[in-house]
Every structure is written in C-alpha cells, then in structure tokens.
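The sequence shown begins at 281 in this note's numbering and counts up by one.
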Amino acid sequence: MPFPLLDVRALDVAYGSVRVLEGIDLRVAPGETVALLGTNGAGKSTLLRAISGVLKPRAGTVAFDGQDITSMPSAEVVKLGIVQMAGGRATFPGLSIEENLRVGASVVPRSDRAARIEEALALFPWLSERRAQQAGSLSGGEQQMLGLARALIAKPRLLMIDELSLGLAPVVVTQLLDVIERLRREGLTVLLVEQHVDLALDFADRAYFLERGRVRFEGPAAALRGNRELLRAVLLSSETVQKARGAKERTRRL
281 MPFPLLDVRA
291 LDVAYGSVRV
301 LEGIDLRVAP
311 GETVALLGTN
321 GAGKSTLLRA
331 ISGVLKPRAG
341 TVAFDGQDIT
351 SMPSAEVVKL
361 GIVQMAGGRA
371 TFPGLSIEEN
381 LRVGASVVPR
391 SDRAARIEEA
401 LALFPWLSER
411 RAQQAGSLSG
421 GEQQMLGLAR
431 ALIAKPRLLM
441 IDELSLGLAP
451 VVVTQLLDVI
461 ERLRREGLTV
471 LLVEQHVDLA
481 LDFADRAYFL
491 ERGRVRFEGP
501 AAALRGNREL
511 LRAVLLSSET
521 VQKARGAKER
531 TRRL
C-alpha cells in the first residue's frame, strides 16, 4: 500500500468501563475507497467518531497524512479535510436548504463560502431551485442528497459515510453513488460504513470486517467475497440489522 492518508493503529475506545474497540488497525490510501462492515454493535460508528475527534480513544493513535490527530478537537479535524456524513436524513430539518448548506460552509474561509455553496448546489440542480424550502419537508432521499452536498462543501480529502443507503430507495442510492464516484475519479478518498454488503463490496477497493470490537478481516473487497464462511457472517449480521430497523420503523407507524 502507498503511504496511507489515514493510519489508525492499536486503537482502543471505551464508553465508561465498556470497551467497544480493541486494538484496531486500519489504513486508507489516498484515492482509495474502503468499506467498513461488521456485526451489529461491532463498533463501526464508534470508529468513525474516534477518527473524526468526537470520541477520544483510551489507547492507540490516529494519523492523517502523517500528522497525529489522536487528541485533536473535531473542528480542527474537519479543517484538515476529514468530513463525516451521517446516514438517515443528515440535515437540520428546521432550516432551509440554503441554510443547511451555510452550516456546512462555516468551516470554509468566508471569502470562499458563496462559491462553495453554489458548487454544492450544482451537484443536485433541484437543490438550487428549492433552496428556500425547509429541509424537514424533503423526502428521506432528498435529505440525504442535501446531507451529501453539505458534507462536500468542505472539499474533504477523506469522506467518511455512515450508512449511506439507510432507509433509501435503490434509485436514490444510485444517484448518491454516482456523485461520489465522480468525485472519486477526481481523487476523493472514501471510508464507507454500509449495511448492504453487496453494494459496499461492489463500490470498495478494500474492506474491513469488525466483530465484537476487533478486526476479523482486512483485504481486497474481492477476497471477502471469496471467503464464504466470513461472508456468511457479514451477510447474517447485515440481515439482522435490517430486520431490526424494519421492525422499529413499523412500530413507529403504529
């Protein structure tokens, strides 16, 4: 592997006395897309939070482009070029589309903000046409498109995506991936947490599989496809998560 853009070594993270991640090693090369898969509660989202500076690890290091960022505040991490996009309607529903984008532009130098917002609007032209509309009135897919546009305003060097497809129709997921693929060809590096295993492995160059807070597999995405026993565990964990979320959604509607 070339010199990694992201280099996580021996990372331990705990919530109080509960250890969530143990001895995690993870590397992402410049321009690479890495899928982060795992069983429910394996620590995938926790790992993203630790990388982005939201959680402080108990042990281990996180380096970005050779710089130790383990103890760096999350706002400073964003300025370096690490941006996390949450799944599941990652917007401020009480704000308009344009106001949401202005929030994303708050990390950008003031002189560049207007241009960056227009660039983000150009990714999804309908955003520009409806920029005064309240984000909470958008469909789930539209909100996720807005969330992606907002994340890209910072021109991330590393985009971390937590559950891109969560609750979305396949056609919307395809539209989102088309935009990300276009940016990948321009050099964007992506770390993707995704419940749909086939989608993740089709999109990624390499994959990690977490189980009970530890790395159980690391290697080319194609190699994970070829490991039937491990792939079965990944698929079963993904199916369990999707069933649980479906039951939760049905309960909400009752």
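Even glycine gets a Cβ: it sits at the ideal position worked out from N, Cα and C.
Self-check item: R289, enclosing beta strand (DSSP E) - first and last residue
Solution: Position 9 of the sequence shown, counting from 1, holds the residue named residue 289. L286 to Y295 is the extent of the beta strand (DSSP E) around R289.
Quiz item: Would you report the Cα separation of P337 and A294, rounded to the nearest angstrom?
Solution: On the sequence shown, position 57 is the one that residue 337 refers to. On the sequence shown, position 14 is the one that residue 294 refers to. Approximately 7 Å, taken between the alpha carbons.
Quiz item: Alpha carbon to alpha carbon, what distance is there between S391 and L325?
Solution: Taking the sequence shown and counting its residues from 1, the one referred to as residue 325 is at position 45. Taking the sequence shown and counting its residues from 1, the one referred to as residue 391 is at position 111. According to the sequence displayed, residue 325 carries Ser and not Leu. Rounded to whole angstroms, S325 to S391 spans 34 Å at the Cα level.
Quiz item: Does the ligand SAM have a heavy atom nearer than 7 Å to the CB of Q413?
Solution: Ligands in the displayed structure: none, and consequently the ligand SAM is not present.
Self-check item: Three-state secondary structure assigned by DSSP to T454
Solution: Your numbering for residue 454 matches position 174 in the sequence shown. It is helical.
Exercise. Jot down the residue ranges of each uninterrupted alpha helix (DSSP H) in the region 312 to 366, minimum 4 residues, whole runs only, in chain order.
Key: 324 to 331 and 354 to 360
Self-check item: Sufficient close CB pairs (3 or more, under 8 Å) joining the region 489 to 504 to the region 317 to 324
Solution: yes
Quiz item: According to DSSP, which residues form a beta bridge with G447?
Solution: On the sequence shown, position 167 is the one that residue 447 refers to. Per DSSP, none; premise fails for G447.
Quiz item: What do you get for L534, buried or exposed, if any count of 16 or more other CB atoms within 10 angstroms of its CB means buried?
Solution: Here residue 534 refers to the residue found at position 254 of the sequence shown. At L534 the pLDDT is 45, less than 50, meaning the model places this residue with poor confidence; the figure from the coordinates comes in the next sentence. So L534 counts as exposed.
Practice problem: Report back the beta-carbon spacing between A484 and A315 to the nearest angstrom; my notes put them in contact at under 8 Å. | Solution: The residue you call residue 484 lines up with position 204 of the sequence shown. The residue you call residue 315 lines up with position 35 of the sequence shown. Yes, A484 and A315 are in contact; Cβ-Cβ is about 4 Å, under 8 Å.
Self-check item: Alpha-carbon spacing of A467 relative to L439, whole angstroms
Solution: Sequence index remark: in the sequence shown, residue 467 carries index 187 (1-based). Sequence index remark: in the sequence shown, residue 439 carries index 159 (1-based). Correcting the residue identity first, residue 467 is Gly in this sequence and not Ala. Cα to Cα, the separation comes out at about 11 Å.
Quiz prompt | Run of the alpha helix (DSSP H) containing P500, from where it starts to where it stops | solution = Taking the sequence shown and counting its residues from 1, one reaches residue 500 at position 220. Not the alpha helix (DSSP H): P500 falls in the beta strand (DSSP E), residues R494 to P500.
Quiz prompt | Assigned exposure category for R512 - 16 Cβ within 10 Å defines buried | solution = For the purposes of this step, residue 512 is taken as residue 232 along the sequence shown, with counting starting at 1. Label assigned to R512: exposed.
Self-check item: Selection from R464, D482 and R496 that minimises the alpha carbon distance to A309
Solution: Within the sequence shown, residue 309 is the residue found at index 29, counting from 1. That would be R464, whose Cα lies nearest to the Cα of A309.
Quiz item: Is there contact between the region 368 to 382 and the region 411 to 424, where contact requires at least three CB pairs shorter than 8 Å?
Solution: yes
Practice problem: Any chance you could list the beta strand (DSSP E) runs of at least 3 consecutive residues sitting entirely within the region 380 to 460, in chain order? | Solution: 438 to 442
Quiz item: Between which two residues does the alpha helix (DSSP H) containing A484 stretch?
Solution: One-based indexing of the sequence shown puts residue 484 at position 204. Here A484 belongs to no alpha helix (DSSP H), and DSSP marks it neither H nor E.
Quiz item: In its own chain, which residues sit with a C-beta less than 6 Å from the C-beta of V459, not counting the 5 before and 5 after it?
Solution: In the sequence shown, counting from the first residue as 1, residue 459 sits at position 179. Excluding residues within five positions, the ones whose Cβ falls inside 6 Å are L403.
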